[in-house]
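Novice:
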Amino acid sequence: MIALPIAGVSAADLTLRSAELSTTERFSRDLGAADARMSDPGMGGVPIFQVPAGDNYDTAKVLKENEPYPQGEGDLDIREIAPTGARLLPDTGSSAKLETAHGLLNTDVRELKSTDPMVKGMMTLTEGRFPGQDSEVAATTHFLKESGLKVGDKLTARHLDREYRIVGAYELPSSLKSTQVNALPGALIKPLNQALVKAGLEPNGSSTTYLVALKGGFTWNLVKAANTKGALVESRQVALDPPADSEVPLYQKPGYQNWKFDDSMGVEELTGVATVVGLALLEICLLAGPAFAVGARRSRRQLGLVGANGGDRRHIRAIVLAGGLVIGFAAAVIGTAIGVVLSIALRGTFEGMMGERFGAFDARPLELLAIALLAVLTGTLAALVPAVTASRQSVLASLTGRRGVRRSSRVLPVIGLIAVAFGTAVALGGSLLFKSFVIVAAGAAVAELGVVALTPVLVGLFGRLGRFLPLSPRLALRDAVRNRGRTAPAVAAVLAAVAGTVAVATYAASDEAQRKAQYTPSAPYGAVSVQAEENSQDMPAIRAAVQRNFPIDVRADIDRIVVGKNTCSSYSDAPGCGRFTVMVPKEKRCPLHHYGVGMDDPAAKYSVAERRKLAKDWRCASGDGAWVAEAVVADEKLLKVLGVKDAAAERALKSGGAVTFARKHAHGDGTVRIKVITDLKAADKAMEQGKEEPGAVSAVKVHEVAGDPEVYGFQTVLSPAAAKAAGLKTVPFGAYFSTDRLPNSKEKQKLEDELSRISTSTGLSIERGYESEMNFVLVALAAFAGLITIGAAGIATGLSQADAEADLKTLSAVGAPPRVRRTLSGFQCGVVATMGVVLGSAAGMVPAIGLVLTDRREQEDWYQTALDQGYAGVEPYVPIIMPWTTLGALLIAVPLGATLLAALLTRSRGALARRETT
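Dropping the structure here:
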């Protein structure tokens, strides 16, 4: 009972410490054996300042207000600015669609000479060898698993008429689930991009950094020198021995804030750790205390002999406490040893779950010693109450074995009731008044301790139900009530475990309901959508491919309005491209968002009360949710796919009109007006001056859909005839499909393989609705509480059997059937489990409600602050949801399982012996 928690704590300590990478280990994985990594931050050689770690930088020039960010021309050539005598090794990354046994797999491509000594530590070879020729590649083990390929197989990329042989498998220590292939520099990325360009497709982007080996290391002065030439440097020497803040130019730059994050635990973390450790100690004491009590009771004759031979109460207490000390020491040794074995045995499992390799096995003697001392302390504390109780027995009672009349404490229940009231008030007050999770946790802990103190009284109240029960459960319940000294701690132990589980499960279920309410679907459930803003000429083939491979019901084709060349995207500023906008009448424009000349913030001229009022005006609605475009071109089939039931809207699109779901788009004359802007420079200049953008305006008769239907980001829909009549140029953009059922994985893989042959930039989406991520967590919590409950109830049952062995022998002597002994044991276990689960479920509500109310109060404050600034957003929804599945498992399945398990493990017949005199 003591060794197992100690084993868990020590295993957790060893696992967490081993998972923490030292600076040396981290740099070995990132830099290998190199001294530094130099990269181009993309500023065209403009001088920069950087932090010593190399993960943040800024321009060296101090910018004035509204001064544009400096930007050089062209890319930076790291090879030309590297320190003299440095050896460089290029490390280039890109991506490619590689053909696998199942179809196509989008894969990271890394061109790096992995056999170079500088790469040692970055890639761990697991099979074969690294590539030595341009026709060879190595692949990560996860890529081989996902692709169905193996070492020795051939590998090809889509659109590239060249084969590569997989000669080795490796893993990235910090990214075990990475799908990556490694090739020699220039062997894969460049030929593939040339093939893509030849096929009329866009080449894959790539980025190159350089590993640097330099005699004497890459010092901070060398880093600053590289910064003046526009290069960013990650240096091993600087990270291990960072300069003082006064020597870092970036920290001295006016206006720069040096955000430093302290890894040490703050007050909240320390409070949380102290609360967990305290409750863990309480849990162990509640389980171990009754065992010491029964042990002391079994040894009462020996303790009586000590008293009869001149020993006083101090000696009795010392003997029982010494037993607790010895058991605690033994538990410390055994538990720590088990923890070490568990940490080593489960290391690979945890690495797989986290997706990265741990560092070196890190056993910290002081921490393990503290855990061991915790076991000794727990054993001693668990024996304290039995020691005091044993010392108070008279010598005569101890020698004769009589228990005497034991009275329950009248003070403890009063203290418990006060603690429950005080803790509940603190928890709810912390959530409603102070918005502090620490106060909520502290109040919940006090309330739980109060319920523990009330447990003997509550057990007595449960005893009144015995008159309604059959023989075996009645005997079990009465035995539990008569022997509260061993029943109450076991019930309290179950209570503590279940209360924590119910609290976490309730908070998780409430958070899950909040996330589900905030989820924004991109289409109706089961609908499929494809979009391809580039390569619109491929869209007809893409639409047909979806219809062939998926169980399609209705297909709605969507076109977009294009200004300029067909290849211009919606917001392109490339030569020959323009844009369009749906005009909003002046009376429907939001005053908070309408910028004028020389006005930085339109909301600044309004008072807080006016901003709050305007924020809830429909004109200023934020429009949170999915977004497609201001206007698209489609027919009435789109309404069917979206689930919009409006006969007038269908008639409008069929008759060559338009439909709008946005009130602000409809003008007073019943039209929607679309402005085509061809001169982007003139339009931008007009906007800066607070004027209307110049452009040609087309008006289309529109039907405004009443109410607020769910339209998944669509605002205005023009029929193809309306767009043609208005002189608007359109190109294929995508399609929405309603389905008979959700497409399965095989259908999706087949479609993606076919789409990749048609276009390289197709956005495929299947709306599956909100997918919960908490089911596994809730099941795991219920399982954990169930194990603790069954364990505690089983311990209580074993103690009751040991304590009541004489009664069981009497039952056998008077002719009770063998099954009575078995059912009695089962119901003894079930009674403890039921009482603990019921009380724990009630106690767990306090912290859960407190935490949810704290979260609700915080979000409500953020919402009110946003209203003060003129932003309404979505009103917070933070419900309190009961986890009925978890509660059902705890209240029904766990006690029933405990009862059956105890009954099955109990022998039907015991050894018949003479009834002892009491």
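Here the sequence shown is numbered in this note's numbering, starting from 1480 and rising by one per residue. Note that beta-carbon positions come from the ideal geometry of N, C-alpha and C, so glycine has one too. Just so you know, these numbers come straight off a predicted model, no measurement behind them.
1. Indicate whether the contact test is met: 3 or more Cβ pairs, each with one atom in the stretch 1561 to 1571 and one in the stretch 1616 to 1624, closer than 8 Å.
2. Tell me where the beta strand (DSSP E) around Gln2010 begins and ends.
3. Checking 8 Å against the spacing of the C-beta atoms, do Leu1655 and Arg1826 come in under that value?
4. Tell me which same chain residues have a C-beta within less than 7 Å of the C-beta of Ala1851, skipping the five on either side of it?
5. Keeping to the same chain, check which residues put their C-beta closer than 6 Å to that of Gly2135; ignore five residues upstream and five downstream.
6. Of the residues Arg1780, Ala1904, Cys2056, Ala1662, which one's Cα is nearest the Cα of Asp1613?
7. Determine the direct distance from the alpha carbon of Gly1521 to that of Val1702, and round the result to whole angstroms.
8. Leaving out five residues on either side along the sequence, give the residues of the same chain with a beta carbon under 6 Å from the beta carbon of Val2041.
9. In whole angstroms, give me the CA-to-CA distance for Thr1494 and Glu1846.
10. Comparing alpha-carbon positions, which option in Leu2383, Tyr1536, Gly2147 lies nearest Ser2304?
11. Hey, which unbroken runs of the beta strand (DSSP E) at 3 residues or more fall wholly within the stretch 1679 to 1714?
12. Between the stretch 2224 to 2239 and the stretch 1578 to 1589, do at least 3 Cβ pairs fall closer than 8 Å?
13. Is it buried or exposed for Lys2143, if we count other Cβ within 10 angstroms and need 16 for buried?
14. Please confirm whether Ile1481 and Gly1818 have their CB atoms less than 8 Å apart.
15. Please report the distance separating the alpha-carbon of Gly1600 from that of Gly1511.
16. Judging by CA-CA distance, which residue of Ala1959, Thr1603, Val1598, Leu1907 is the nearest neighbour of Tyr1649?
17. Counting beta carbon pairs with one atom in the stretch 2056 to 2067 and one in the stretch 2319 to 2331, are three or more of them shorter than 8 Å?
18. From the DSSP secondary-structure annotation, give me the bridge partner or partners of Cys2056.
19. From Ser1714 to Glu1726, what distance separates their C-alpha atoms?
20. Kindly indicate if chain D contains any beta-carbon less than 8 Å away from that of Arg1641.
21. Is Gln1659 buried or exposed, if buried means 16 or more other CB atoms sit within 10 Å of its CB?
22. Classify Ser1686 as buried or exposed, calling it buried when 16 or more other Cβ atoms lie within 10 Å of its own Cβ.
23. Assign Phe2059 to one of two classes, buried (16 or more other C-beta atoms within 10 Å of its C-beta) or exposed (fewer than that).
24. To the nearest angstrom, how far is it from the Cα of Gly1751 to the Cα of Ala1924?
25. Can you grab the Cα-Cα spacing for the pair Pro1547 / Ala2205, in whole Å?
26. Alpha carbon to alpha carbon, how far is Gly2057 from Tyr2350? Give it in angstroms, no decimals.
27. Give every residue of the same chain whose Cβ lies closer than 8 Å to the Cβ of Val1525, excluding the five residues on either side of it in the sequence, and list them in chain order.
28. Go through the stretch 1779 to 1867 residue by residue and report every complete run of the beta strand (DSSP E) that reaches 3 residues or more, in order.
29. Do Ile2037 and Val2111 have their C-beta atoms closer together than 8 Å?
30. Alpha carbon to alpha carbon, what distance is there between Gly1838 and Leu1500?
31. At 4 residues or longer, and completely inside the stretch 1541 to 1572: list those alpha helix (DSSP H) runs for me, N to C.
32. Identify the continuous alpha helix (DSSP H) that holds Asp2398 and give its terminal residues.
33. Is the distance from the Cβ of Pro2374 to the Cβ of Gln1993 below 8 Å?
34. Tell me the DSSP bridge mates of Glu1590?
35. Can you name the residues that DSSP bridges to Leu1577?
36. Looking at the structure shown, is Val2179 part of a helix, part of a strand, or coil, going by DSSP?
Specialist: Reading it off the structure:
1. Touching, no.
2. By 1-based counting over the sequence shown, the position of residue 2010 is 531. For Gln2010, the enclosing beta strand (DSSP E) stretches over residues 2007 to 2010.
3. The residue you call residue 1655 lines up with position 176 of the sequence shown. The residue you call residue 1826 lines up with position 347 of the sequence shown. Result no, Cβ atoms of Leu1655 and Arg1826 do not sit closer than 8 Å.
4. Your numbering for residue 1851 matches position 372 in the sequence shown. Excluding sequence positions up to five before and after Ala1851, its CB lies within less than 7 Å of the CB of Ala1811, Thr1815, all in the same chain and listed in chain order.
5. Taking the first residue of the sequence shown as 1, we reach residue 2135 at position 656. Only Ser2198, Ala2200, Ala2201 meet the Cβ criterion.
6. By one-based count along the sequence shown, residue 1613 stands at place 134. For Asp1613, the nearest C-alpha among the options comes from Ala1662.
7. Position 223 of the sequence shown, counting from 1, holds the residue named residue 1702. Position 42 of the sequence shown, counting from 1, holds the residue named residue 1521. If you draw a straight line from the Cα of Val1702 to the Cα of Gly1521, it comes to about 17 Å.
8. The residue you call residue 2041 lines up with position 562 of the sequence shown. Contacts found: Cys2047, Lys2208, Val2210.
9. Indexing the sequence shown from 1 puts residue 1494 at position 15. Indexing the sequence shown from 1 puts residue 1846 at position 367. Going from the Cα of Thr1494 to the Cα of Glu1846 covers about 13 Å.
10. Within the sequence shown, the letter at position 825 stands for residue 2304. It is Leu2383 whose Cα lies nearest to the Cα of Ser2304.
11. Counting whole runs of 3 or more residues, the stretch 1679 to 1714 contains the beta strand (DSSP E) stretches 1686 to 1692, 1711 to 1714.
12. Yes, since at least three Cβ pairs between the stretch 2224 to 2239 and the stretch 1578 to 1589 fall closer than 8 Å, the two stretches touch.
13. Sequence index remark: in the sequence shown, residue 2143 carries index 664 (1-based). Flag for Lys2143 reads buried.
14. Stepping through the sequence shown from its first residue, residue 1481 is reached at position 2. Stepping through the sequence shown from its first residue, residue 1818 is reached at position 339. With respect to Gly1818, Ile1481 sits apart: the two C-beta atoms are not nearer than 8 Å.
15. For this step, residue 1600 is matched to residue 121 along the sequence shown. For this step, residue 1511 is matched to residue 32 along the sequence shown. Approximately 5 Å, taken between the alpha carbons.
16. Reading the sequence shown from its first residue, position 170 is the one you call residue 1649. The residue with the shortest Cα to Cα distance from Tyr1649 is Thr1603.
17. Cβ pair count under 8 Å is below three, so no.
18. Position 577 of the sequence shown, counted from the first residue, corresponds to residue 2056. Cys2056 is bridged to Gly2043.
19. Position 235 of the sequence shown, counted from the first residue, corresponds to residue 1714. Position 247 of the sequence shown, counted from the first residue, corresponds to residue 1726. The alpha-carbon atoms of Ser1714 and Glu1726 are separated by roughly 16 Å.
20. The structure shown contains no chain D; it is built from a single protein chain.
21. The sequence position of residue 1659 within the sequence shown is 180, counting from 1. Result: buried.
22. To locate residue 1686, count along the sequence shown from 1; it is residue 207. The residue in question, Ser1686, is exposed, as its Cβ has fewer than 16 Cβ neighbours within 10 Å.
23. As a first step, residue 2059 is located in the sequence shown; it is residue number 580 there, counting from the start. It is buried - the Cβ of Phe2059 has at least 16 other Cβ atoms within 10 Å.
24. Counting from one through the sequence shown, the residue named residue 1751 turns up at place 272. Counting from one through the sequence shown, the residue named residue 1924 turns up at place 445. Summary for Gly1751: the model assigns pLDDT 46, below 50, so the residue's position carries little reliability, and this model does not support an answer.
25. Position 68 of the sequence shown, counted from the first residue, corresponds to residue 1547. Position 726 of the sequence shown, counted from the first residue, corresponds to residue 2205. C-alpha separation (whole angstroms): 39 Å.
26. In the sequence shown, the residue the question calls residue 2350 occupies position 871. In the sequence shown, the residue the question calls residue 2057 occupies position 578. For Tyr2350 and Gly2057, the distance between alpha carbons rounds to 31 Å.
27. Position 46 of the sequence shown, counted from the start, is the residue given in the question as residue 1525. Once the five neighbours on either side are set aside, the close Cβ partners of Val1525 are Thr1538, Ala1539, Lys1540, Pro1549, Gln1550, Gly1551, Gly1709.
28. If only uninterrupted beta strand (DSSP E) runs of at least 3 residues are considered, none is enclosed by the stretch 1779 to 1867.
29. By one-based count along the sequence shown, residue 2037 stands at place 558. By one-based count along the sequence shown, residue 2111 stands at place 632. A contact, by the Cβ cut-off of 8 Å.
30. Stepping through the sequence shown from its first residue, residue 1500 is reached at position 21. Stepping through the sequence shown from its first residue, residue 1838 is reached at position 359. Taking the straight line from one Cα to the other gives about 5 Å.
31. Complete alpha helix (DSSP H) runs here, min 4: 1557 to 1560.
32. Any question about residue 2398 goes unanswered here, given that the chain covers just 1480 to 2397.
33. Here residue 2374 refers to the residue found at position 895 when the sequence shown is read from its first residue. Here residue 1993 refers to the residue found at position 514 when the sequence shown is read from its first residue. Against a cut-off of 8 Å, the Cβ pair of Gln1993 and Pro2374 comes out as no contact.
34. Within the sequence shown, the letter at position 111 stands for residue 1590. Glu1590 is bridged to Thr1571, Ala1662.
35. If you number the sequence shown from 1, residue 1577 lands on position 98. Residue pairing from DSSP places Leu1577 in a beta bridge opposite Leu1584, Ala1636.
36. Your numbering for residue 2179 matches position 700 in the sequence shown. Strand.
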